[in-house]
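Peer 1:
Laid out in structure tokens, this is it:
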């Protein structure tokens, strides 16, 4: 998605406990139970948050006539609407809308664009954290500044450059774009994390005669796994859900990812409401699974650099 | 299909193996140099690939765009400040700028208020309830703006009066006997832009909530207990103790959401494509470039976006330096 790509340099105050988990010091009233109004307000907020998605999910199981002629909520009020729920939209996604190709394309775009930048950024972060050289602070500030620069600024010249190479509309074009666009954030959060690693470990490795190359591979990289994972989730969600870069560097062709396929369904809403919903849900499944299973790392990455010592 | 999967696999394996081989070679190269030079050169060699990527995809194109912004439609001739003058004097673009400023004013503040509210309330629930409610609110983070567009179409959709409504809002309105409303076309008081902002808040509030919740939990319990013993009300504790203590996190969240807002493209593109007076800078850029084929305008528009970002950029760099000094 377009937001949340950048993480700012302001420190975040975090407790040592896992963030999404629970702390021992709860602030409740004397009885140890939360007041009723708190539970009611929160329940209402959660309901408001989940209802739009629920509407999409229910509509995706309704046939075309039902979806265009009655609201999705009628499945609760009209039993006949409930019994007509069907899986046929999902079948049509693959026969009519070619979503299986788009799915494979999305994977083919996302996986390399997520994994390749990690190693490159980790080396740069290592250099920034554990090596002394003239110009280090200046280069680091350049990285911080680039976190803020909107990537739109880069699109047209990059498009021309790829055109000259003849790779517009192919996977390498969008791989390169995403690798470059994600790089400042990657270097930034990995460096912030590495700066919190105990220096003594590196010093003793040096005394034992390890080179920087060995220290990086054998010590620093394994110790940095949490932040590498968190960047990977960031980048994965960003690339998977990206529309703008896909439109510009790939466009609606054979290599188009799910985001483009879905937008073309959004355009032809008249006949395609029920297909649109199935497609929307289909596109959400993988990122939600990734997100739910790795939520803890994700939060840790957002607060990277804050946990000191 | 199989070819594509194979291609992607080759890219992953080849990319990673290539990177490893590259660093191995760079390292060996540095080791060939006499001792003193090895130490001097090696940091730069480790940085080289990252900065090559950044230079190619960000720094060089930004400079190019800056240059294009002073050129004509097809970038064949320089026209000085003409693009800027024409844009800033056109009422359409003034509208676009105005909308963009509304997004900047409303969304970051809104995300913080909602995030704080949910974080504070959830902190009082039992562990299971807290975890569940936070996950629910945080989940849209994983949903892209395009899927969000599909989701919210079923909230804002409108059919002509007399026909059954499939959009939730109009379902509610007609259930109470009202006339269906075409929500996304009401531009009075920028109402439709506000409805689009609701979508971004829905996507981003969870992010604000998680960071703020972490910060609130970091406020020492002793401080709170002491205030309670002194007879401070819960409201006073929140505004006079908790808020000042989590100030830095509030700023972080504000800036991060602000950057996200300025880059927002997909929500507006998918829902209205900037029609009905909902245009914002990022969408206007795209349409100038691909619908109107005016590369000069498009470049000038993003340069203006960059200029809006400069205060944020300066603030960021300052914060970073202060933090480094404290490390």
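Residue numbers (the working numbering), protein chains in the order written: chain A, 753 to 1061; chain B, 594 to 920.
Glycine included, each C-beta is placed from N, C-alpha and C at the ideal position.
Everything numeric in this text was worked out from a predicted model, so none of it was measured.
1) Verify whether the separation of the beta carbon atoms of residue 939 of chain A and residue 895 of chain A is less than 8 Å.
2) Rounded to whole angstroms, what's the CA-CA distance from residue 1043 of chain A to residue 884 of chain A? Just pull it up for me.
3) Determine, using beta carbons only, whether residue 707 of chain A and residue 1001 of chain A come nearer to each other than 8 Å.
4) From the DSSP output, read off the bridge partner residues of residue 671 of chain B.
5) For residue 919 of chain A, name the three-state secondary structure that DSSP assigns.
6) Is there a Cβ from chain B that is less than 8 Å from the Cβ of residue 951 of chain A?
7) Just reading off the alpha helix (DSSP H) that residue 967 of chain A is part of, what are its end residues?
8) Find the nearest neighbour of residue 1013 of chain A within the set A/997, A/1032 and A/909, judged by alpha-carbon distance.
9) Taking all protein chains shown into account, do 16 or more other C-beta atoms lie within 10 angstroms of the C-beta of residue 856 of chain B, making it buried, or fewer, making it exposed?
10) Taking the C-alpha atoms as reference points, what is the distance between residue 797 of chain A and residue 787 of chain A?
11) Looking only at its chain, what residues have a beta carbon closer than 7 Å to the beta carbon of residue 1066 of chain A, apart from the 5 residues adjacent to it on each side?
12) Got a sec: which bits of the segment 771-782 of chain B sit with their beta carbon under 8 Å from any beta carbon on chain A, in order along the chain?
13) Using C-beta distances below 6 Å, list every residue in its chain close to residue 824 of chain A, excluding the 5 sequence neighbours before and after it, in chain order.
14) Could you spell out the range, first to last residue, of the alpha helix (DSSP H) harbouring residue 825 of chain A?
15) Apart from the five residues on each side of it in sequence, which residues of its chain come closer than 6 Å, Cβ to Cβ, to residue 707 of chain B?
16) Between which two residues does the alpha helix (DSSP H) holding residue 889 of chain B run?
17) Any idea if residue 912 of chain B is buried or exposed, counting beta-carbon neighbours within 10 angstroms, 16 or more meaning buried?
18) Can you pull out the residues from the segment 957-973 of chain A whose beta carbon lies closer than 7 Å to at least one beta carbon of chain B?
19) Residue 640 of chain B touches chain A at which residues, Cβ-Cβ below 8 Å?
20) With the cut-off set at 8 Å, would you say residue 646 of chain B and residue 872 of chain A are in Cβ contact?
21) Between which two residues does the alpha helix (DSSP H) harbouring residue 987 of chain A extend?
22) If you follow the alpha helix (DSSP H) that residue 690 of chain B is part of, which residue opens it and which one closes it?
23) Return helix, strand or coil for residue 626 of chain B, following the three-state DSSP convention.
24) With a 10 Å radius around its C-beta and 16 neighbouring C-beta atoms as the bar for buried, classify residue 670 of chain B as buried or exposed.
25) Give a yes or no on whether the minimum CB-CB distance between residue 675 of chain B and chain A is below 8 Å.
26) Taking 8 Å as the CB-CB cut-off, is residue 827 of chain A touching chain B?
27) Going by beta carbon distance, what residues of the same chain come within less than 6 Å of residue 715 of chain B, once the five residues before and after it are set aside?
28) Could one say the Cβ of residue 929 of chain A lies closer than 8 Å to chain B's Cβ atoms, at least one of them?
29) How about the segment 942-950 of chain A and the segment 958-965 of chain A: do they share at least three Cβ pairs that are nearer than 8 Å?
30) Can you give me the C-alpha to C-alpha distance between residue 897 of chain B and residue 884 of chain B, rounded to a whole angstrom?
31) Please classify residue 1040 of chain A: does DSSP put it in a helix, a strand, or coil?
Peer 2: In short, the structure shows the following:
1) Yes.
2) For residue 1043 of chain A and residue 884 of chain A, the distance between alpha carbons rounds to 37 Å.
3) Within the shown structure, residues of chain A are numbered from 753 to 1061, placing residue 707 of chain A beyond reach of any answer.
4) Beta bridge pairing from DSSP links residue 671 of chain B with B/664.
5) Note: residue 919 of chain A maps to coil in three-state DSSP.
6) No, its Cβ sits nowhere closer than 8 Å to a Cβ of chain B.
7) Run containing residue 967 of chain A: 964-967, per the alpha helix (DSSP H) assignment.
8) The shortest C-alpha separation from residue 1013 of chain A is found at A/1032.
9) A residue is called buried when at least 16 other Cβ atoms come within 10 angstroms of its Cβ; residue 856 of chain B meets this threshold and is buried.
10) A direct Cα-Cα distance of roughly 16 Å separates residue 797 of chain A from residue 787 of chain A.
11) The requested residue 1066 of chain A is not part of the displayed model; chain A covers only 753 to 1061.
12) Residues: none.
13) In its chain, beyond the 5 residues on either side, 807, 810 and 811 have a beta carbon closer than 6 Å to the beta carbon of residue 824 of chain A.
14) DSSP places residue 825 of chain A in no alpha helix (DSSP H); its state is neither H nor E.
15) Taking residue 707 of chain B as the centre and dropping the five residues before and after it, the same chain places the C-beta of 798 closer than 6 Å to its C-beta, in chain order.
16) Unbroken alpha helix (DSSP H) run through residue 889 of chain B: 888-919.
17) Burial call: buried.
18) So the list reads 964 and 965, given in the order they occur along the chain.
19) Among the residues of chain A, those whose CB is under 8 Å from the CB of residue 640 of chain B are 875, 876, 879, 880 and 891, following chain order.
20) Contact flag set, yes.
21) Looking at the DSSP string, the run of the alpha helix (DSSP H) that includes residue 987 of chain A is 977-993.
22) Residue range 684-715 is occupied by the alpha helix (DSSP H) that includes residue 690 of chain B.
23) Look at residue 626 of chain B here: in three-state DSSP terms it is coil, with no helix or strand label.
24) Residue 670 of chain B counts as exposed, since fewer than 16 other C-beta atoms from the protein chains shown sit within 10 angstroms of its C-beta.
25) It does not: the Cβ of residue 675 of chain B has no partner Cβ on chain A nearer than 8 Å.
26) For residue 827 of chain A, the answer is no, since every Cβ of chain B falls outside 8 Å of its Cβ.
27) Excluding sequence neighbours, residue 715 of chain B sits near 723, 726 and 727.
28) By this cut-off, residue 929 of chain A is an interface position.
29) The segment 942-950 of chain A is not in contact with the segment 958-965 of chain A.
30) C-alpha of residue 897 of chain B to C-alpha of residue 884 of chain B: approximately 20 Å in a straight line.
31) In the three-state scheme derived from DSSP, where H, G and I count as helix and E and B as strand, residue 1040 of chain A is classed as helix.
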